[in-house]
Amino acid sequence: MASGKGGTGKTTIVTNLARALALAGKIPVQVLDCDVEEPNAHLFLKPVFHEEEEVTLPVPEVDNNRCTGCGRCSEVCAFHALAVAGGKVITFPEMCHGCGGCTIACPAGAISEKPHRIGVVARGQAGRIDFAHGKIDVGVPLAPPVIRVVKKLAFKERLTLIDAPPGTSCPVVAAVKDSDFCLLVTEPTPFGLNDLRLAVGMVRELGVPFAVVINRSTLGDLRVERYCQREGIPILLKIPFDKGYAATYARGDCLVEEYPEWVTPFIGLWQEIERLVSQRARAAGN
Amino acid sequence: MQELLVISGKGGTGKTSIVAALAALAEDKVLADCDVDAADLHLLLRPEVESVNEFYGSDKAVIDPGLCTGCGRCREVCRFGAVMEAKPEKENSEDDSGKLVFQVDSLECEGCGVCTLVCPAGAIAMQPNLAGYWYISATPYGPLVHAQLGLAEENSGKLVTKVRQEARRLAEENNARLIITDGPPGIGCPVISSLTGVTLALAVTEPTVAGRHDLERVVKLAGHFRVPVAVCINKYDLAPEKSREIEAYCYDAGLTIAGKIPFDADVARALVNGVPLMACSRGVAASAVQAMWDSLMVRLERMAKEQNGHS
Ligand code: SF4
Ligand code: SF4
Ligand code: SF4
Ligand code: SF4
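Going down the list, the sequences are from chains R and E.
For the first sequence, this note's numbering gives the first residue as 1, with consecutive numbering after it.
For the second sequence, this note's numbering gives the first residue as 1001, with consecutive numbering after it.
The following block contains the structure:
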């Protein structure tokens, strides 16, 4: 699940789809929350966490006895994470991408690497749903390495639902890449349309098949639907605005539990996705 | 000159609608849209673009297949999995002895340049990468600096920094007292770039468990960079008890609540019509935003005085 714009209801769709499938006892489901800047899915699924792993990057550590102060390391670092001042190297671990360039470049062999923490990945269980999310530490600018660690937890033989970060840039690409299908969640406003267009451009560039879900479908106009029609993008689900639904979300509860009539539409959403994916697989096979 | 940054942590709290409303209220200012990943402010301010400028992100490695000997060193050292074996070009190329040729996936390349350090054949060059555009525009509410990052690009932080620099330059040129900035969502690299050195951050939140969770993270981030925060609870009446929880949290954390905006269908109407709320409504949300702006102005003026007193 992705969206060009934040706050369209990505997390709502991920958590309700997972709950609906679990309630219907359909198939084993895994949820990976890759919105590592602001992970929210756990607030709705309320998993019991049983495992936590630190995510680190290898950052340079300079041995002052060996360092000659030649400055080669700061010359090669593309991210300004090293500076040489007064014959000494100063490192800025929060800018380092862990590329290893300085270690390779240092003629004196003065650089070794030590792990620098940038976030955590936690795994747990929410009823029958396998759950994992990543969280970058506050003040850390680099989300993609944490996203990649979360995505490595994906089970091969199970359905994995991924909550992607909002936007269309590198963290989103890290989350969406290599998925079998992408659901774009939007709202029927000019903002929703503008950001949907960007998101469509991104998934097209990545070559991932996709469809649209419209949230708060009654608060806005018809331009999103017309756009989808013109572009031949299927709209798989529409959820109207309702103060009761909003209150359920505000409390951190799931729609399909408070309003069981929503179980069937979410199962239908899943069946439709399955159909589209297998259709495509057949087309590719021919 | 002062800079008011509007942030939200969580997306979709109504941040941009509020920025547009403030834009219609404030005088003597320059506007900046730092949500470069999904810029939306222009949809409400109807800018007339005056200048279009290219933005180059970090360089990307490119391998010259003619020079590459296929030794594979680049793939060994690349920590981002960006180097791949390329398909052999054609059967009839002079060297079809099974020589491997390597290629860089520009989507994965971080631009670190490590591969160029190790390539024994000098086959790799770092090339500039056009990653987006930034614009200076005129709007009925003052000049606007905005940008659009290309699809699937990185380095939004660098583009945010560029937008802010330009906004500052414009503000100095025009003798404007204030820059109002629409910030990016989240707490990652673009937000960090937009936070450093601003006068005051207005954090727009909504009364939901997710809104509260993200507010706490964004407040921590602002604290990390020593930026004072004021809070706006948008659509507060949709879940009054969650609003009270957020108010209690703000009280404990020593944060001022600059405003509480009620749910008002006029906000969605303004959006659909592509105008700031203030331009089309005298409703409950509009008057709450007006009251919030009055209180923000008082705070900004006080901060300006304090600063002058210090210098
Ligand atoms: S590992 Fe790479 S990014 Fe980090 S300091 Fe060394 S050269 Fe710079
Ligand atoms: S390259 Fe090595 S020797 Fe030269 S300044 Fe850096 S750490 Fe010191
Ligand atoms: S290191 Fe240079 S020569 Fe070796 S495979 Fe890479 S590009 Fe080719
Ligand atoms: S520049 Fe860095 S990320 Fe890009 S291909 Fe070379 S080693 Fe890999």
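Heads up, the beta-carbon is just placed ideally off N, CA and C, and yes, glycines get one too.
- Shortest gap from the CB of residue 1080/E to any heavy atom of ligand 4: under 7 Å.
- Within chain E, not a single residue places a beta-carbon under 8 Å from that of residue 133/R; the smallest gap is close to 12 Å.
- Residue range 144-152 is occupied by the alpha helix (DSSP H) that includes residue 145/R, with no beta strand (DSSP E) assigned at that position.
- Minimum Cα-Cα distance from residue 1147/E among the listed residues 1055/E, 1074/E and 1001/E corresponds to 1055/E.
- Residues of the region 1181-1201 of chain E with a Cβ closer than 7 Å to any Cβ of chain R, in chain order: 1185, 1186, 1187, 1188, 1189 and 1192.
- Taking a cut-off of 5 Å from the heavy atoms of ligand 1, the residues with a C-beta inside it are 60/R, 77/R, 79/R, 81/R, 82/R, 96/R, 97/R, 99/R, 101/R and 102/R.
- Around residue 160/R, the same chain offers 30, 32 and 154 as residues with beta carbons nearer than 7 Å, after the five sequence neighbours per side are excluded.
- Membership of residue 1192/E in the alpha helix (DSSP H) is indicated by the continuous run 1189-1195.
- In this structure, DSSP gives residue 93/R a helical state, which the three-state scheme calls helix.
- The region 1034-1121 of chain E is shown to contain whole beta strand (DSSP E) runs of 3 or more residues at 1048-1056, 1060-1063, 1083-1086 and 1101-1104, in chain order.
- Not a single heavy atom of ligand 2 lies less than 7 Å from the C-beta of residue 1113/E.
- A residue is called buried once 16 or more other Cβ atoms fall within 10 Å of its Cβ, and residue 90/R, having fewer, is exposed.
- For residue 210/R, the enclosing beta strand (DSSP E) starts and ends at 210-215.
- Interface residue (Cβ-Cβ distance to chain E less than 8 Å): residue 28/R is not classified as such.
- Straight across, the Cα-Cα distance linking residue 1247/E with residue 7/R is about 21 Å.
- Around the beta-carbon of residue 163/R, 16 or more other beta-carbon atoms lie within 10 Å, marking it buried.
- Beyond the five residues adjoining it in sequence on each side, residue 103/R comes within less than 8 Å, by CB distance, of 60, 111, 112 and 113 in the same chain, given in chain order.
- Within 7 Å of the C-beta of residue 110/R there is at least one heavy atom belonging to ligand 2.
- By the beta-carbon neighbour count (other beta carbons within 10 angstroms, threshold 16), residue 1280/E is exposed.
- Here residue 1299/E has 1200, 1230, 1256 and 1258 as same chain residues with Cβ atoms under 8 Å from its own Cβ, once five neighbours each way along the sequence are excluded.
- The criterion of a C-beta distance shorter than 8 Å is satisfied by residue 1142/E and residue 1029/E.
- Cβ neighbours of residue 1122/E within its own chain (closer than 8 Å, five residues either side excluded): 1067.
- In this structure, residue 86/R has its beta carbon at no less than 7 Å from each heavy atom of ligand 2.
- In the displayed model, residue 53/R falls within a strand according to three-state DSSP.
- Measuring C-alpha to C-alpha distances from residue 1069/E to each of 1050/E, 1103/E, 1049/E and 1051/E identifies 1103/E as the nearest.
- Between the region 17-24 of chain R and the region 139-156 of chain R, the count of Cβ pairs shorter than 8 Å is below three; the stretches do not touch.
- Residues of chain R with a Cβ closer than 7 Å to the Cβ of residue 1111/E are, in chain order, 78.
- Residue 1244/E: member of the alpha helix (DSSP H) spanning 1240-1253, first to last residue.
- Taking a 10 Å sphere around the C-beta of residue 1192/E, we find 16 or more other C-beta atoms and assign the residue as buried.
- DSSP places residue 136/R in no alpha helix (DSSP H) but in the uninterrupted beta strand (DSSP E) bounded by 129-136.
- Residue 1275/E carries a coil assignment under DSSP once its states are collapsed to helix, strand and coil.
- Between the alpha carbons of residue 1152/E and residue 1124/E lies a distance of about 23 Å.
- Residue state for residue 77/R is assigned as coil, using DSSP reduced to three classes.
- Around the beta carbon of residue 216/R, a 10 Å sphere encloses 16 or more other beta carbons of the protein chains shown; the residue is thus reported as buried.
- For the region 1198-1225 of chain E, the set of residues with a beta-carbon nearer than 7 Å to any beta-carbon of chain R comprises 1207, 1208, 1209, 1210, 1213, 1214, 1217, 1220, 1221 and 1224, in chain order.
- Using a C-beta cut-off of 8 Å, the region 265-273 of chain R makes no contact with the region 1154-1170 of chain E, since fewer than three inter-stretch Cβ pairs fall below that distance.
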